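Engineer: First the structure, then my questions, so here it is.
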Amino acid sequence: MADGSTNDTITQPSSKLEQAIRVDLAEGRLAVDRRLPPERELAERYVTTRITLREALSHLEMDGLIYRENRRGWFVSDRRLVYNPLWRTDFQRMTREQNRQASTELIEAVSAIAPEAICALLEQPVGTEFWRIRRRRRVDGRLVVFVEHHLNKTVFSDILEQDLTGSLTNLYREKYALEYGDVSFEINPISLTGMPATELRCSDGTFGLQIVRVNRDQSGLILDCDVEYWRHDAVSIRIDTRDGPG
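Numbering (UniProt numbering), first residue to last: 1 to 246.
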């Protein structure tokens, strides 16, 4: 107080607040079971305002140290899953080989006209219908990626009758005798909005990473196009021709 006439509290500047939170995160003093205390408690702990606290937390989120889930609060980010686009492997195997646990939830499997950009990638006329499969995936229980698959209906005429919560890579091999051949990737930072944000339980505008992949079979036939929407702190794109399964 100043002369006993106000109730103003001296608060930490955002830069000092961020550094204090970074130190407490690094030394394990802040989170219980990876969950941070509610914002009200954090503001009291660091003697700051909610506005200044949220600014600091948003900066730490951008750096990939913490993340927020709607209606659940803030959490400490785990180590990133390494994703090498050169690997010819499925999500479950990639996760398992990094001593992590994966799960997949089916959201939708329907016939639908693909967006114009997807038709172009799949080298089909605008207005072409594909099988559209939407799934979300967890690593160690945390929602990390929403995926929208567009599949060639001619190649996979009965795929909606199959179990779509497992590996599509394995399903292609075991059911249709198809192996991946050439593949193309496009990777871009994005803001997660709409359905991807809703399915990943994050606010519109949350930082994300979009990976668009077009897969061909061993003879060069285009099989599908996958559009992946990742939480940016959950994945690390790492390309090394010496590394990983073939």
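Even for Gly, the Cβ is constructed at its ideal location relative to N, Cα and C. Given the structure is predicted, the values throughout are model-derived calculations rather than measurements.
Does the stretch 115-124 touch the stretch 87-103, meaning 3 or more C-beta pairs lie closer than 8 angstroms?
Structural biologist: Contact fails: fewer than three Cβ-Cβ distances are below 8 angstroms.
Engineer: Less than 8 angstroms between the C-beta atoms of E108 and R132, yes or no?
Structural biologist: Yes. Within cutoff.
Engineer: Can you grab the Cα-Cα spacing for the pair D204 / L168, in whole Å?
Structural biologist: Cα to Cα, D204 sits roughly 29 angstroms from L168.
Engineer: Taking DSSP as the reference, what is the three-state secondary structure of Q19?
Structural biologist: Three-state result, Q19: helix.
Engineer: From this set, E123, G208, F130, A26, which residue's C-alpha is nearest I237's C-alpha?
Structural biologist: Comparing Cα-Cα distances from I237 to each of E123, G208, F130, A26, the minimum goes to G208.
Engineer: In whole angstroms, give me the CA-to-CA distance for E39 and I21.
Structural biologist: Distance between the alpha carbons of E39 and I21 is about 13 angstroms.
Engineer: Between L65 and S77, what straight-line distance do the alpha-carbon atoms span, to the nearest angstrom?
Structural biologist: Spanning the two alpha carbons is a distance of roughly 5 angstroms.
Engineer: Can you list, in chain order, the residues of its chain with a C-beta nearer than 7 angstroms to that of E199? Leave out the 5 residues immediately preceding and following it.
Structural biologist: Answer for E199: I107, R136, F146, listed in chain order.
Engineer: Closest to E129 by CA distance: which of S157, V183, V139 is it?
Structural biologist: Closest option to E129, Cα to Cα, is S157.
Engineer: Take G28 as the anchor and find which of D163, H149, G141, F75 has the nearest alpha-carbon.
Structural biologist: Of the candidates D163, H149, G141, F75, the one whose C-alpha sits nearest the C-alpha of G28 is F75.
Engineer: My output table needs one value for S167: the three-state DSSP class, helix, strand or coil.
Structural biologist: If DSSP states are grouped into helix, strand and coil, S167 belongs with coil.
Engineer: Whose C-beta lies closer than 8 angstroms to the C-beta of K16 among residues of the same chain, with five residues either side of it excluded?
Structural biologist: Excluding sequence neighbours, K16 sits near nothing in its chain.
Engineer: Using the Cα positions of H59 and R213, report the straight-line distance between them to the nearest angstrom.
Structural biologist: Rounded to whole angstroms, H59 to R213 spans 30 angstroms at the Cα level.
Engineer: Relative to the alpha-carbon of R173, which residue among T193, T89, G141 has its alpha-carbon at the smallest distance?
Structural biologist: Ranking the options by Cα distance to R173, first place goes to T89.
Engineer: Whose C-beta lies closer than 8 angstroms to the C-beta of W230 among residues of the same chain, with five residues either side of it excluded?
Structural biologist: Within the same chain, W230 has close Cβ partners V144, V145, G208, L209, Q210, I211.
Engineer: Using only the alpha-carbon positions, how far apart do C202 and N70 sit?
Structural biologist: Answer to the nearest angstrom: the Cα atoms are 5 angstroms apart.
Engineer: Keeping to the same chain, check which residues put their C-beta closer than 7 angstroms to that of M62; ignore five residues upstream and five downstream.
Structural biologist: Hits under 7 angstroms: F207.
Engineer: Do Y180 and D217 have their CB atoms nearer than 8 angstroms?
Structural biologist: Yes, the Cβ-Cβ distance between Y180 and D217 is below 8 angstroms.
Engineer: Can you give the Cα-Cα distance for G4 and S191, rounded to whole angstroms?
Structural biologist: Note that G4 scores 41 on pLDDT, short of 50, meaning its location in the model is unreliable; the coordinates nonetheless yield the value given after this. So the alpha carbons of these two residues sit roughly 47 angstroms apart.
Engineer: Rounded to the nearest angstrom, what separates V23 and H150 at their Cα positions?
Structural biologist: Distance between the alpha carbons of V23 and H150: 44 angstroms.
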